[in-house]
Structure formats: structure tokens, C-alpha cells
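K.L.:
Those protein sequences? They're chains B and Y, same order as listed.
FYI, in the working numbering the residues of the first sequence are 1 to 402.
FYI, in the working numbering the residues of the second sequence are 403 to 804.
Quick one: this structure, given as C-alpha cells, is what I'll be asking you about.
There are 2 protein chains.
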Amino acid sequence: MHPELVDELAIEAKTKIIFYILDGVGGLPMEQGGATELEAASTPNLDALAKKSICGMLDPVSPGITPGSGPGHFALFGYDPVKNIIGRGILEAAGIDFPLKGADVAARGNFATIDKNGVVTDRRAGRPSDEKNRELVEKIRAVLTPQEGVQFFLETVKEHRVVLVLRGEGLSEAIPDTDPQALGVPPLEPRPLKEEAQKTSRLVKSVIEKAKGVLAQEPKANFLLLRGFAQHRRFKSFRQRYKLKSLAIAAYPMYRGLARLVGMDINPPVETLDEEISALEEKYADYDFFFLHYKKTDSTGEDGNFAAKVEAISAADAALPRILALKPDVLVITADHSTPSFLKLHSWHPVPVLLYSKMCRADGVEAFSERACISGGLGRMSTINLMPLALANAARLAKYGA
Amino acid sequence: MHPELVDELAIEAKTKIIFYILDGVGGLPMEQGGATELEAASTPNLDALAKKSICGMLDPVSPGITPGSGPGHFALFGYDPVKNIIGRGILEAAGIDFPLKGADVAARGNFATIDKNGVVTDRRAGRPSDEKNRELVEKIRAVLTPQEGVQFFLETVKEHRVVLVLRGEGLSEAIPDTDPQALGVPPLEPRPLKEEAQKTSRLVKSVIEKAKGVLAQEPKANFLLLRGFAQHRRFKSFRQRYKLKSLAIAAYPMYRGLARLVGMDINPPVETLDEEISALEEKYADYDFFFLHYKKTDSTGEDGNFAAKVEAISAADAALPRILALKPDVLVITADHSTPSFLKLHSWHPVPVLLYSKMCRADGVEAFSERACISGGLGRMSTINLMPLALANAARLAKYGA
């Protein structure tokens with residue numbers, strides 16, 4: 001895969017591409033010889049489409065690597081997931097739909113307990129309620145006035161977790177975690193890891209001091225630990241790279257955040273798959289590319305609930321006719337990674353993929369499942385190849401060389 | 403693929419390798435569920451050979467990328483088609499079989515019409531006949547005497563198209579197109595894009611002036627536009643890289659030109675596949691490697707003539723016994739890219755490949771077609787891996803490491 005080459009060759013066209021992402025859809029049997037979630041589910045629409053499509057297996061990063069949502073989606077979007085690293089703080093901010101800008105620096109935070117000797121006794125401050133979290137955040141916000149031209153944003157995530165964002169000139173991500181990730185030791189100092197991080201170091205130190213002051217009387221949440229400092233950067237956008245006007249439709253904020261990082265327009269939050277597809281229908285005329293994200297196949301897998309994942313897959317299948325009715329020039333159905341119920345975790349297993357277009361060269365695969373797609377015409381390849389293939393099938397890539 | 407490794411490991415042997423290239427042979431069905439050209443053709447010999455061979459699918463550049471003939475063939479020859487870019491001018495010169503040398507600089511030219519205000523009114527000068535083209539070229543040649551130690555070659559391509567080649571010391575390709583690719587604007591100046599292009603700039607300017615003088619009285623073809631300046635370079639040859647004495651047999655000049663770029667000997671032009679194979683038989687004792695190029699599978703595809711492409715494939719199949727009678731140690735049959743009649747264009751679809759040798763490890767594929775080869779033992783891989791595989795099967799690659 002040659003990302004620069006693809007960017008050079010991308011051309012405008014009137015065609016439309018839909019990526020229907022069934023998060024974590026790849027699975028495993030619960031016992032040896034059994035069926036995977038995809039094989040157990042009723043998927044007449046997916047299977048019928050597979051027969052007309054080219055299928056295969058995708059490795060999100062490379063064989064054996066279990067991707068997080070960030071690398072998994074970046075690979076789907078055609079961005080090398082190893083070269084284009086999304087820092088933890090940035091991912092956390094994206095995950096609460098925080099509109100990052102310019103060179104913002106973001107960090108994950110957690111309320112913690114320190115004792116009178118200044119050592120950490122509980123890294124999660126007894127897991128406060130979300131409401132308590134919001135109350136503490138409000139109090140700290142009140143004292144976080146701009147300093148040295150830099151604005152501060154402190155945002156609730158949930159329980160003990162928050163996000164801190166710094167916005168202004170001359171910031172740097174070269175700040176170590178202050179969370180010692182251990183008990184009985186004091187928090188670490190946000191010292192500058194590089195010369196250019198002096199200012200950020202001063203500002204973070206000041207935030208921690210101010211928070212400490214505000215939280216002094218709290219019995220548990222009396223300290224703010226920070227980690228995963230990361231600077232926002234503008235990745236080349238879908239428009240710049242692929243000449244695509246693109247829309248992300250996702251019920252969960254994390255996926256909207258990831259799409260925002262590559263310059264997609266973001267559909268306002270909706271909750272159900274039905275609502276997502278209604279949004280797709282409404283906006284269909286206005287965009288070239290649609291990232292349609294379905295979460296339930298992943299969350300049921302992470303719960304280890306095989307039956308619920310099977311049901312989620314059947315629901316994704318039942319929604320397919322509405323998508324097909326739009327007659328997209330290219331429809332891709334796949335996942336960002338596998339989430340086998342058997343493991344209750346993301347996994348390294350490759351994910352089945354189906355690409356439909358009038359010129360896809362169907363391959364004889366008869367069903368959309370892990371086992372069936374092994375024999376597909378795409379073979380087994382890295383997910384990063386998917387965007388170029390989708391563009392080619394949409395007549396959106398010029399010939400390379402004469 | 404590790405090109406340098408292959409070069410290091412290549413050893414001499416008495417074995418012979420034939421690459422039988424069916425240009426553009428990969429195809430598509432004309433309607434959903436139909437047969438591709440290869441599936442529709444009668445190919446008893448190819449199918450019988452596929453049963454004894456290892457098969458697979460090759461991506462000439464990478465998934466989704468549609469290659470021109472240059473990158474497609476360079477990949478077949480084992481040269482990275484992205485790192486080894488062949489400039490437009492060089493390809494055009496190769497395409498008319500012009501014997502490029504050393505650091506020649508070549509450009510594509512076209513006769514154009516400019517009006518009395520000096521703006522371009524027809525970039526193709528009303529498409530003159532080939533005969534008219536030759537007549538104009540003769541006239542300009544008469545005034546293109548050597549200058550600053552540099553020789554000039556002006557060659558007819560066809561209609562309005564010519565090739566200009568500069569040969570001498572101190573030349574550079576850092577000259578912009580003078581063709582503005584638009585009407586109503588004057589031609590652009592061949593100014594030097596780099597310091598070292600000063601001399602080339604002066605010389606090209608002088609060529610344009612001289613041509614203008616000669617063409618002054620022409621009603622239509624009164625100007626010469628130039629574009630795609632590119633410098634010839636000696637790629638490492640087949641002999642240097644692979645220790646192979648190689649011969650190119652191709653009816654079309656472009657393919658002879660591409661083979662010449664990698665140092666193959668060139669069989670004199672012949673017209674039909676039969677004549678090509680006769681040449682192969684005659685020269686068989688004298689070479690280790692044969693690049694046998696069959697054009698008709700591509701030209702019929704580009705015409706969108708499914709039936710003619712099917713017939714061209716059957717003809718290629720019928721010729722196979724004569725090739726097999728030579729008992730080559732390794733016979734590879736594949737293409738530089740797909741040219742589906744359905745698209746009338748080169749396409750990004752991978753091409754089927756068959757590699758026969760006594761030690762190829764046959765894989766159970768029963769036919770030579772896009773669908774059948776998906777299940778082949780080579781899987782889906784980049785074309786650049788083909789040369790090392792052919793060398794290995796010819797016992798021409800030493801072991802790597804102890």
C-alpha cells in the first residue's frame with residue numbers, strides 16, 4: 001500500500017461510497033467446533049450480498065496485533081495505523097466528542113486519594129459517581145482561569161475519569177504521566193521532557209495545584225492525576241486525500257471523534273441503528289462517503305454475551321435492505337477489529353470484509369462469515385488497502401503511470 | 403519483497419525461464435453472475451497446465467491501483483514500480499522503439515496551432531496525417547544541427563505526436579511542460595527548474611525557435627509543444643541483478659522499449675503470436691530468460707470487445723503447446739494488469755498467475771481463470787514477488803543465511 005500514491009491518483013466523481021462498520025463483528029466459537037457469532041446469526045441479507053461481492057479477510061494492523069478503536073478505524077480510513085499514532089489524551093477527548101482544535105494538548109485525568117504524607121492511596125478515589133464527578137469538575141473549572149494566553153477545559157468522562165485540554169500558543173505534549181500507576185508513592189511531577197515543554201509544564205503544575213486547593217476538603221477525591229499527554233494534529237483530511245465529502249454517522253462519541261480527526265463532517269448524535277440509517281437517508285444527497293458505525297456488535301462481544309452479539313448481528317443484517325435501497329456505488333461491510341464473545345475483548349483475529357460494486361469481480365463466496373470469507377477474492381490483506389479498493393471501485397482513482 | 407536480497411542471492415544455472423505475458427488478460431463478467439473473458443474462452447491447454455502449476459492472484463502495484471504498462475511490466479520484471487518511475491518522455495521514446503542511451507533526455511511533442519497573437523488555438527493542429535507528420539519532422543530535422551555538443555533526434559509517433567530526444571553531456575530533465583494544456587493562452591517557456599537545467603533550457607528553447615521558423619508557413623501545424631521531459635537512466639540490468647541473459651520478444655514497440663530499459667536483448671520486430679513463438683524457438687538456445695509479450699488480450703479488452711478478447715485468449719491457449727514443447731524449466735503465465743472488456747480500460751483488479759516448474763508444488767487449482775486462481779497456492783500477492791519465485795523455481799537463488 002502506497003498512501004501517497006493513492007492521494008496523488010484520487011479524482012472527483014459522482015459516485016457514492018458507504019462503509020457500514022459492524023464494530024468488533026469478527027468472533028470465535030464458544031467451544032471447539034462450534035459456530036462463531038456471525039455463523040450463528042441469521043444473516044440472509046448479508047449472505048445474499050456476499051454472493052454478489054468480493055470478500056476476504058482483513059488484518060487491521062498486522063497479523064497478531066490487537067488494535068484499539070483508534071488504530072482499527074484509522075486503518076479503515078486508509079491512514080497507516082502505525083505511522084499515524086493517536087495519543088491517549090487525544091483519543092479520550094475524541095471519546096467524549098470534545099471538539100479539539102489546532103495544537104490543543106489533551107490528557108486523561110483521574111480523581112485520586114492521597115494521604116497526609118502525600119502518597120497515593122487510591123488511584124480512583126473510590127470510584128465517585130458521575131454526578132459527583134461533574135460536581136468536582138465544576139468546582140475546579142471555576143478556578144481554571146486562562147494563564148499565559150492558554151485556556152483550560154476540564155471535562156467529565158465518568159466515575160473518577162476526566163479529560164483536561166489546554167488550548168493556546170507554544171504548548172507541547174512532552175510531559176510525563178503524573179499518575180505513578182502504583183500505591184504508596186507520591187504523584188510524579190509534570191516536568192518538561194523537552195526544552196519546548198517548559199511552558200506546558202508550568203501550566204499543568206498550576207492546574208494540579210489549583211485542583212489540589214479546590215479538592216483539599218474532599219474525603220476521597222482530593223487529588224487529580226494526569227496521564228497520556230498528547231497534542232492534537234490535523235491529519236490530512238478525507239477531502240484533501242481522497243477528494244471525498246464525507247459524513248460520519250455514529251451513535252457513540254468515540255467514533256465521531258475519530259472521524260473528526262480525519263476531517264469528516266459529523267452527523268448529530270442519534271441513538272439507534274434505525275436512527276443512524278434515517279440520517280444516512282436524509283443526508284445521502286449531500287455527501288460522497290458515509291462512515292456508518294454500528295456499536296452493538298462490539299459491546300455485546302465485550303460483555304461476553306454470545307447470544308446478544310448474535311442478535312446484534314441479525315439486527316445489522318435486517319437493516320441492510322434500507323442501505324441497499326440507496327443504491328450506493330460501493331458498499332463495504334466490515335469491522336475495525338474482532339471482539340469474540342469468548343474472549344470478552346478486542347482480539348487480533350482478522351475480520352471478514354465484503355465489498356460490493358458493479359465491477360467488484362464476485363468470487364463465489366456464499367456467506368458473510370469468518371470461514372466463508374477466507375476463500376474470497378480479496379484474500380487476506382491489511383485493512384489499509386480497503387480505502388484504495390473502495391475508491392477504485394467508485395471510479396475515483398486515476399491510472400498510475402502510462 | 404526484498405529486491406536487494408534477491409540480487410545478492412542470484413546465481414548462475416543452466417535453467418531457462420519463460421514469462422508468457424498475456425497483456426491485460428484479467429477481466430470481468432459483462433453482467434452480474436456472468437463469466438469473465440478467461441472463463442468464457444476455450445483454454446484446454448492453460449487449464450491442463452494450471453493443474454500441474456502453482457496459481458494465484460497478483461496485484462501489479464497494490465490493491466486498488468490501476469497500473470499503466472510501464473509500472474505493470476516493471477513489477478513483472480521485479481523492479482519496484484513505485485520506486486522506479488519511468489518518465490513520460492522516456493516511455494514515449496520506448497513506445498516507438500527509439501534506442502535510448504546514457505543520460506538522454508526525452509520529451510513528448512505535439513504539433514499545435516498558434517494564432518497571430520501567439521496563443522494556442524489547437525493543441526493537436528487539426529490532427530495531421532501520419533504522412534504529414536513525417537514530412538514536418540523531416541523539415542525540422544534538417545535544421546536541428548548539434549549545438550553545445552548535444553545531438554537532437556525528432557521522431558514521428560503518429561498524427562500530431564512526436565518525440566524529441568536530446569543526447570549529450572550536462573543535460574537535465576528539470577524542464578517544465580511548454581504545452582499549456584489549454585487554449586487561448588500562449589505556450590509556456592522551457593525555463594530551467596533547477597540550476598543544472600540551464601543548458602537544457604537553452605537548447606530546448608532553440609529547438610522550439612527553429613521548429614517555429616520551419617513551420618511558419620504551415621496553416622495548422624505551426625508550433626511544437628513539448629511535455630513530460632524525462633531523463634533516461636540505466637536501471638540495473640537483468641544480467642546484473644539476476645545473472646540472466648534475457649531476450650524480449652514483443653510485436654509492439656512499447657514493450658520492447660520497456661524491456662530495453664532493464665537491459666534485455668530485443669528480438670527484431672515480428673507481427674503475429676506465431677512469429678513471436680518461432681522467434682522463441684529460434685533463439686531458445688541462446689538465452690536464459692524470455693519475455694514473450696502477447697498484446698491482443700489487452701487491445702481487445704480496451705476496445706470493449708468481449709468476444710474478440712475471448713478469441714484472443716483462445717489463440718493464446720492454442721499457442722501454448724509450442725511453448726511447452728521447449729520444456730522450459732519455469733514457465734510463468736500472467737499479465738501486467740487486467741483490462742476488462744466491461745470497462746474498456748486497464749483496471750485495478752488482480753491478475754491470475756500460473757507458475758509451472760517441476761518443483762512448483764501444485765495446489766489443486768483446475769483452471770486458469772480469475773475465480774479459480776483465487777484458491778491457488780500463491781494466494782494474493784504483489785507482482786514484484788514473481789521474479790524471485792521464478793528464479794527460485796529455476797534453481798537460480800542461493801540460500802539466504804546459514
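Even for Gly, the Cβ is constructed at its ideal location relative to N, Cα and C.
Every value quoted in this text rests on a predicted model; they were computed, and no experiment measured them.
(1) Which of the three DSSP states is assigned to MET30/B in this structure?
(2) Cβ closer than 9 Å: which chain B residues qualify as neighbours of GLY659/Y?
(3) Can you list the alpha helix (DSSP H) stretches of 4 or more residues lying completely in the region 127 to 155 of chain B, in chain order?
(4) Label ALA687/Y either buried or exposed according to how many other C-beta atoms from any shown protein chain fall within 10 Å of its C-beta, with 16 as the threshold for buried.
(5) Against PRO388/B, what residues of chain Y qualify as contacts under a CB-to-CB distance less than 9 Å, listed in chain order?
(6) Give a yes or no on contact between the region 423 to 432 of chain Y and the region 731 to 744 of chain Y, applying the rule of three or more CB pairs nearer than 8 Å.
(7) Which bits of chain D does ASN45/B rub up against, with CB to CB less than 9 Å?
(8) Select from THR36/B, PRO187/B, LEU193/B, ASN267/B the residue whose C-alpha is nearest the C-alpha of GLU209/B.
(9) Identify the residues that DSSP records as bridge partners of PHE19/B: which are they?
(10) Is ASP461/Y helix, strand or coil when you go by DSSP?
(11) Starting from ILE651/Y, follow the alpha helix (DSSP H) in both directions and report where the run begins and ends.
(12) Which runs of the beta strand (DSSP E) spanning at least 3 residues fall entirely within the region 703 to 735 of chain Y, listed in chain order?
(13) Mind checking if TYR242/B is an interface residue toward chain Y, Cβ cutoff 8 Å exclusive?
(14) Using a Cβ-Cβ cut-off of 8 Å, state whether GLN583/Y counts as contacting chain B.
(15) Hey, could you find the ends of the alpha helix (DSSP H) ASN45/B is sitting in?
(16) Please report how far the alpha carbon of PHE513/Y lies from the alpha carbon of GLU591/Y, in whole angstroms.
(17) Within the continuous beta strand (DSSP E) that includes ALA632/Y, where are the two ends?
(18) Using a Cβ cut-off of 9 Å, which residues of the region 510 to 535 of chain Y contact any Cβ in chain B, in chain order?
(19) Relative to the alpha-carbon of ASP705/Y, which residue among HIS748/Y, GLU768/Y, GLU683/Y has its alpha-carbon at the smallest distance?
(20) Any beta carbon of chain B sitting closer than 8 Å to that of MET432/Y?
(21) In the DSSP assignment, what are the bridge partners of LYS560/Y?
(22) What are the boundary residues of the alpha helix (DSSP H) that SER471/Y is part of?
(23) Let me know if GLY143/B comes out buried or exposed under the rule of 16 or more other beta-carbons within 10 Å of its beta-carbon.
(24) Which whole-angstrom value is the C-beta distance of GLU281/B and LEU326/B, which I expect to be below 8 Å?
(25) Return no unless some Cβ of chain B is closer than 8 Å to the Cβ of ARG641/Y.
(26) Count the other C-beta atoms from every protein chain shown that fall within 10 angstroms of the C-beta of SER42/B, then say buried if there are 16 or more, exposed otherwise.
(27) Please state if the CB of ASN795/Y and the CB of CYS762/Y are separated by a distance shorter than 8 Å.
(28) In chain Y, which residues lie with their C-beta within 8 Å of the C-beta of SER405/B?
(29) Could you round the C-beta distance between VAL332/B and VAL353/B to whole angstroms and report it? I think they count as a contact, below 8 Å.
(30) Taking any Cβ of chain B, which residues in the region 482 to 505 of chain Y have a Cβ under 9 Å from it, in chain order?
(31) Enumerate in chain order the residues of its own chain whose CB-to-CB distance from ASP461/Y is below 6 Å, with the five nearest sequence positions on each side excluded.
(32) For ILE65/B, which residues of its own chain have a beta-carbon under 7 Å away from its beta-carbon, when the five flanking residues on both sides are left out?
(33) Compare the C-alpha of ASP104/B against each of LYS236/B, TYR20/B, GLN151/B and name the closest.
(34) Cα separation between PRO473/Y and THR178/B?
(35) Does the CB of SER375/B have a neighbour CB from chain Y at under 8 Å?
(36) For ALA681/Y, which residues of its own chain have a beta-carbon under 7 Å away from its beta-carbon, when the five flanking residues on both sides are left out?
P.N.:
The relevant details are as follows:
(1) Looking up residue 30/B in the first sequence gives position 30. DSSP, reduced to helix, strand and coil, places MET30/B outside both helices and strands of the structure shown, so it counts as coil.
(2) Here the question's residue 659/Y lines up with position 257 in the second sequence. Those do not exist, as GLY659/Y stays about 11 Å from chain B at its closest Cβ, beyond 9 Å.
(3) Here the runs fully enclosed are 130 to 143.
(4) Taking the first residue of the second sequence as position 1, residue 687/Y is located at position 285. Residue environment for ALA687/Y: exposed (fewer than 16 other C-beta atoms within 10 angstroms of its C-beta).
(5) Looking up residue 388/B in the first sequence gives position 388. Per Cβ cutoff of 9 Å: SER464, PRO465, GLY466, ILE467, TRP750.
(6) Touching, yes.
(7) Considering every chain present, this structure includes no chain D. Its protein chains are B and Y.
(8) Taking the first sequence and counting its residues from 1, one reaches residue 209/B at position 209. Looking at the Cα atoms, PRO187/B is the closest of the given residues.
(9) Here residue 19/B corresponds to residue number 19 of the first sequence, with the count starting at 1. Its beta-bridge partners are PHE291/B, VAL332/B.
(10) One-based indexing of the second sequence puts residue 461/Y at position 59. In the three-state scheme derived from DSSP, where H, G and I count as helix and E and B as strand, ASP461/Y is classed as strand.
(11) Reading the second sequence from its first residue, position 249 is the one you call residue 651/Y. It is not in any alpha helix (DSSP H) - ILE651/Y instead sits in the beta strand (DSSP E) that spans 648 to 652.
(12) Taking only runs of at least 3 residues, no beta strand (DSSP E) segment lies wholly in the region 703 to 735 of chain Y.
(13) The count along the first sequence starts at 1 and reaches residue 242/B at position 242. Judged by the 8 Å Cβ criterion, TYR242/B is not in contact with chain Y.
(14) In the second sequence, the residue the question calls residue 583/Y occupies position 181. Among the CB atoms of chain B, none fall inside 8 Å of the CB of GLN583/Y.
(15) By 1-based counting over the first sequence, the position of residue 45/B is 45. For ASN45/B, the uninterrupted alpha helix (DSSP H) segment begins and ends at 44 to 52.
(16) By one-based count along the second sequence, residue 513/Y stands at place 111. By one-based count along the second sequence, residue 591/Y stands at place 189. Each residue's alpha carbon lies about 16 Å from the other.
(17) Reading the second sequence from its first residue, position 230 is the one you call residue 632/Y. Judged by DSSP secondary structure, ALA632/Y falls within the beta strand (DSSP E) whose first and last residues are 625 to 633.
(18) Residues: none.
(19) In the second sequence, the residue the question calls residue 705/Y occupies position 303. When only C-alpha atoms are compared, the closest one is HIS748/Y.
(20) Position 30 of the second sequence, counted from the first residue, corresponds to residue 432/Y. It does not: the Cβ of MET432/Y has no partner Cβ on chain B nearer than 8 Å.
(21) Here residue 560/Y corresponds to residue number 158 of the second sequence, with the count starting at 1. According to DSSP, LYS560/Y bridges with ARG563/Y.
(22) Translated into positions along the second sequence, residue 471/Y becomes position 69. Where SER471/Y is concerned, the enclosing alpha helix (DSSP H) stretches over 471 to 478.
(23) Taking the first residue of the first sequence as position 1, residue 143/B is located at position 143. Rather than Gly, the amino acid found at residue 143/B in this sequence is Val. It counts as exposed.
(24) As a first step, residue 281/B is located in the first sequence; it is residue number 281 there, counting from the start. As a first step, residue 326/B is located in the first sequence; it is residue number 326 there, counting from the start. Contact holds; Cβ gap of about 7 Å.
(25) Position 239 of the second sequence, counted from the start, is the residue given in the question as residue 641/Y. No, its Cβ sits nowhere closer than 8 Å to a Cβ of chain B.
(26) Position 42 of the first sequence holds residue 42/B. Counting Cβ neighbours within 10 Å, SER42/B comes out exposed, since fewer than 16 surround it.
(27) Numbered from 1 along the second sequence, position 360 holds the residue referred to as residue 762/Y. Numbered from 1 along the second sequence, position 393 holds the residue referred to as residue 795/Y. With respect to ASN795/Y, CYS762/Y sits close: the two C-beta atoms are nearer than 8 Å.
(28) Since the first residue shown for chain B is 1 and the last is 402, residue 405/B is missing from the structure and cannot be characterised.
(29) Start at 1 with the first residue of the first sequence, and residue 332/B comes out as number 332. Start at 1 with the first residue of the first sequence, and residue 353/B comes out as number 353. Yes, they are in contact, since the Cβ atoms of VAL332/B and VAL353/B sit about 7 Å apart, within 8 Å.
(30) Of all residues in the region 482 to 505 of chain Y, PRO483, VAL484, ILE487, ILE488, ARG490, LEU493, GLU494, GLY497 have a Cβ within less than 9 Å of some Cβ in chain B.
(31) For the purposes of this step, residue 461/Y is taken as the residue at position 59 of the second sequence. Apart from sequence neighbours up to five positions away, the residues of its chain that approach ASP461/Y with a beta-carbon distance below 6 Å are PRO752, SER784, ordered along the chain.
(32) What you label residue 65/B is simply residue 65 of the first sequence in a count that begins at 1. Result list for ILE65/B: TRP348, in chain order.
(33) Position 104 of the first sequence, counted from the first residue, corresponds to residue 104/B. With distances taken between Cα atoms, ASP104/B lies closest to GLN151/B.
(34) What you label residue 473/Y is simply residue 71 of the second sequence in a count that begins at 1. What you label residue 178/B is simply residue 178 of the first sequence in a count that begins at 1. PRO473/Y and THR178/B have their C-alpha atoms spaced approximately 52 Å apart.
(35) If you number the first sequence from 1, residue 375/B lands on position 375. Any Cβ of chain Y closer than 8 Å to the Cβ of SER375/B would place that residue at the interface, and such an atom is present.
(36) As a position in the second sequence, residue 681/Y is number 279, starting the count at 1. Taking ALA681/Y as the centre and dropping the five residues before and after it, the same chain places the C-beta of ILE651, ASN669, VAL672 closer than 7 Å to its C-beta, in chain order.
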